[in-house]
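Numbering (our numbering), first residue to last: 214 to 1307.
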């Protein structure tokens, strides 16, 4: 027996009033010399972003490096996403947040130029793992509309809204004094301004000739040397894009009336050809009807066949409502490829980077508003390539998310094996052409799994190991339910739910692979994992009546002392309640009376074929009660060892035995509180409970064909917020003030104060901050589990915290986490012998950890504070007030550096960690303010310092709060730039070299340099140097030791390359000497002969 110590009591009172974490040593609390040795220190924590996955949100532009095989995508929010081979991704952000209007690679140079809507251009260095801006240039007086950077040139042409063209040196990011003014480019007789520059390109065969397209329809061929226009080409319709033939003798323009005009450069007076690809040709020979604008055209030649002409837009106006299309014209054939989303941009991928050679196109890359598609031009029917990137996160809006780190090793192969059978067929047989970059040298070897729940009821499992993301398996929960067959059926419902199958919350046991899912239509689905296909004749259904505890005028008593108004949940209900209605109610205001015993969704009545993977075991549905719709499920938990599922909402909680398919407990929230003696309930016989709750699927088949779907929280694709419906009979104030169940935790603990032995328990947390202990009584023998009922008894309130309860956990006396018990996975469709071999209940904790007066710590965290209780005395030993002005959105007990801590994310953007069990603050970083409900709904912490959230409707942002991961981040990230030899330039040929028919080069340095063109006006643009040089950024991003090692390797590589260069130089010199000797001999041979004697 411990002695009473007044000093310890006073210490406890002081600690209770203190906002900082402290040991409130109360009677029954551990003595100082018994304190747990905590190893976690603040040095173990640091916060940084690691990688971003998913489709770039609101894309606006793209570019491709044909030598490095790297894709860049810019967005309307100033983001930059770079893609290489599968697993090679990079995210960058322009500080201004302005839309990226154009991107230009310095091909095979490891650099990228971006032009933004705020009239700034930026040079990105891609030769480092985290790209950074080297230079920026901000235009002050003119708006940027188009950019062009010729291959292997350092001079960037910039067209503006005023119609002028400025030239920038991309090495120094300084403006040249050479300017092409619009009034000199157009004819003097032209009275109107030609509009913005919409196209710039140099003649593929003559770098000295610049083709300038103005919006009004004028195209000018500008001679850079003579500084005047060679030719002008006029057309009545506005120009959207221009494309060259590789020989430089023809170009094609696309126009706003859906026409394509082809021009010979030497015949400016009239176009060589005018076609309307999608226009209807009138029989009387008149001009075809105008079509929608052709927004872009590309003209690509092949050595062995007809050229390709690829264009977007141009459809006739009578195709209203038709989806966006890409048109591929090849010879006499025209293929119209329909896209799922509007087209943002497209690029034709070619074998050569040189514009003056046969292009040999092999694919078309199409950037859509919500997808990236690659079309194979080399196969009949133009099949698409299978996309290796995780770009389908947003296939249906994400409504919830869970993150599991350090899972069982066999999980990912098991999910992959069943998911590989779901893949579509008919893809191109060729390899994905975006294949640049190298993977990072990650030291993380543990498996990571992300689970996303979606608005259409689907659930996706993702392999997130080693900073990559790959979809493993997709589960469609909507298959369990009937679909509305007609519009009339939907119109008959009073409450129309846009996404009735949307996933609200999930509970997953990785060890047993049991999955429990709650949807917005107040339904719960329990799934088992099987490798074998099975056909379920009748889907098992359990209907539950969870009734409001308060009438219209009542309000809840915060003290919890109110007498329960519900009838005894164990009592047999009246026949009217147990039997389904013979005629479905059409609404609460109908003459038939209020809706009652009606579920929001109708379970499928026909046999359900279930493929290998997750197969439904049981469907639980909450039903309407006396005109009141079922309330949204707010919390959910499953335990495979006990065979139980528990879920709760604002009406109370229910416990279901999914092995016996019975409802064990249906209790109002206030009934959990024990007024005097512990509340004990002896469950009814499973058969009776099952009958009284309408458990079997066929008991109400066909009886509720027009049942209403209830309006519940779901993801809104437009504003990403939750919407809660309100019943007409209960005011919103009553709804908000009603106490809801907010958290569950299955555990092996001491049910009551001073109990001497642990047993199966359930911790229940509410939105009012109350934690209640519920004792579970399981049959002692495993073989009796399916025959005997499970006993449940409430043991009353353990403790109360400020704010709603978010998470609960148990630690042993050494501070190690005591995870809930689980059952190892077994295939439910396997033979009985195999089942018995694999079904092994997890052994209980070793008795040594349960010895002593205080054998456990209960960790409880709410929206405002955290407390640690000593068990079984239930005395508070530690307390910490997390926030006063804000509230915690997400809290998890996680493993970190061999120990455990609480990780919290607050609504004010702070991310914090607290040590366990003493609740010392270890990390507090103001990281991310809550901008919308999407972040709150999807933010989750996991073990080993990992966390994630949905940063946009289409992208997952992963972060780490581990110092070790931050230190190793540089090595873990993928590498974009890899040294690749630039392909050889096309051979000019003997006759072209003899008669001057090949490409004409231009000394741009003499023309655009300061000596030739003078200085540009200082007020035109402002040069902004980048944050730091490349070497400086490398040093800042990584340790000195790593830099020295890299420098040593770089020196070795440089020496090796210099040696190779020396060998090549010697070989070239020998070749040049040989060529000179042969040329001299040839000259002597034909010196005195006439040309006709040759």
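Just so you know, even glycine gets a beta-carbon here, dropped at the ideal spot from N, CA and C. Remember, it's a predicted structure, so these values are computed and weren't measured experimentally.
Below 8 Å CB to CB, which residues in the same chain sit around residue i once its five sequence neighbours on both sides are set aside?
i: residue 596; result: 588, 589, 639, 640 and 641
i: residue 855; result: 959, 973, 989, 991, 1003 and 1034
Would you kindly work out how many angstroms separate the C-alpha atoms of residue i and residue j, rounded to a whole number?
i: residue 546; j: residue 654; result: 48 Å
i: residue 753; j: residue 723; result: 24 Å
i: residue 550; j: residue 539; result: 5 Å
i: residue 389; j: residue 459; result: 28 Å
i: residue 264; j: residue 408; result: 42 Å
i: residue 1144; j: residue 452; result: 41 Å
i: residue 976; j: residue 1094; result: 21 Å
i: residue 955; j: residue 1082; result: 19 Å
i: residue 628; j: residue 622; result: 11 Å
i: residue 828; j: residue 816; result: 15 Å
i: residue 711; j: residue 1079; result: 38 Å
i: residue 249; j: residue 971; result: 21 Å
i: residue 398; j: residue 421; result: 15 Å
i: residue 403; j: residue 396; result: 9 Å
i: residue 962; j: residue 643; result: 58 Å
i: residue 253; j: residue 334; result: 46 Å
Out of the options, point me to the one whose CA is closest to residue i's CA.
i: residue 969; options: 407, 1084, 951 and 583; result: 1084
i: residue 857; options: 816, 974 and 811; result: 974
i: residue 268; options: 296, 255 and 348; result: 296
i: residue 1112; options: 626, 564, 1126 and 951; result: 1126
i: residue 718; options: 1026, 673, 849 and 829; result: 849
i: residue 467; options: 481, 1099, 477 and 448; result: 448
i: residue 679; options: 665, 692, 661 and 694; result: 661
i: residue 737; options: 746, 714, 749 and 751; result: 714
i: residue 886; options: 852, 1006 and 846; result: 1006
i: residue 1314; options: 293, 986 and 759; result: An answer regarding residue 1314 cannot be provided, because it is not within the stretch 214 to 1307 covered by the chain.
i: residue 378; options: 430, 368 and 691; result: 368
i: residue 607; options: 1163, 1229 and 279; result: 1163
i: residue 411; options: 403, 399, 1141 and 431; result: 431
i: residue 529; options: 552, 542, 503 and 755; result: 503
i: residue 353; options: 1235, 1285 and 1278; result: 1235
i: residue 1040; options: 1152, 665, 826 and 315; result: 826
i: residue 1231; options: 387, 281 and 299; result: 387
Starting from the C-beta of residue i, find all residues in its chain whose C-beta is less than 6 Å away, skip the five residues before and the five after it, and write them out in chain order.
i: residue 192; result: The structure shown does not extend to residue 192, since the chain is modelled only from 214 through 1307, so no value can be given for it.
i: residue 486; result: 475
i: residue 983; result: 1010 and 1013
i: residue 311; result: 291, 329, 330 and 331
i: residue 1178; result: 1158
i: residue 362; result: 317 and 369
i: residue 882; result: 865 and 952
Between residue i and the rest of its own chain, which residues show a CB-CB distance below 7 Å, the 5 nearest in sequence each way excluded?
i: residue 356; result: 332, 373 and 374
i: residue 342; result: 1183, 1186 and 1188
i: residue 165; result: Residue 165 falls outside the range modelled here, since the chain spans only 214 to 1307, and no answer is possible.
i: residue 1022; result: 958, 1030, 1072 and 1106
i: residue 436; result: 421, 422 and 443
i: residue 1308; result: Any question about residue 1308 goes unanswered here, given that the chain covers just 214 to 1307.
i: residue 1015; result: 982, 1075, 1077 and 1078
For residue i, is the classification buried or exposed, using 16 other Cβ atoms within 10 angstroms of its Cβ as the cut-off for buried?
i: residue 1020; result: buried
i: residue 1139; result: exposed
i: residue 307; result: buried
i: residue 994; result: exposed
i: residue 626; result: exposed
i: residue 1291; result: exposed
(message) Please give me, in chain order, every unbroken run of the beta strand (DSSP E) with length at least 3 that falls completely inside the stretch 346-414.
(response) With a minimum length of 3 residues, the continuous beta strand (DSSP E) runs that stay inside the stretch 346-414 are 357-361, 368-373, 378-382 and 387-393.
(request) Output the residue ranges of the beta strand (DSSP E) runs that lie fully inside the stretch 1066-1096 and measure 3 residues or longer, sorted by chain position. (result) Correct list: 1069-1075, 1078-1084 and 1088-1094.
(request) Within the stretch 969-1034, note down every full beta strand (DSSP E) run reaching 3 residues or more, in order along the chain. (result) Fully enclosed beta strand (DSSP E) runs of 3 or longer: 972-979, 983-990, 1004-1013 and 1018-1025.
(message) Quick check for students: name the residue ranges of the beta strand (DSSP E) that lie wholly in the stretch 825-883, counting only runs of 3 or more.
(response) Runs found: 826-835, 848-852, 857-861, 865-870 and 875-881.
(request) Scan the stretch 1144-1204 and note each continuous beta strand (DSSP E) run of 3 residues or more that stays entirely inside, going in chain order. (result) Uninterrupted beta strand (DSSP E) stretches at least 3 residues long and entirely within the stretch 1144-1204 occur at 1153-1155, 1159-1165 and 1168-1175, given in chain order.
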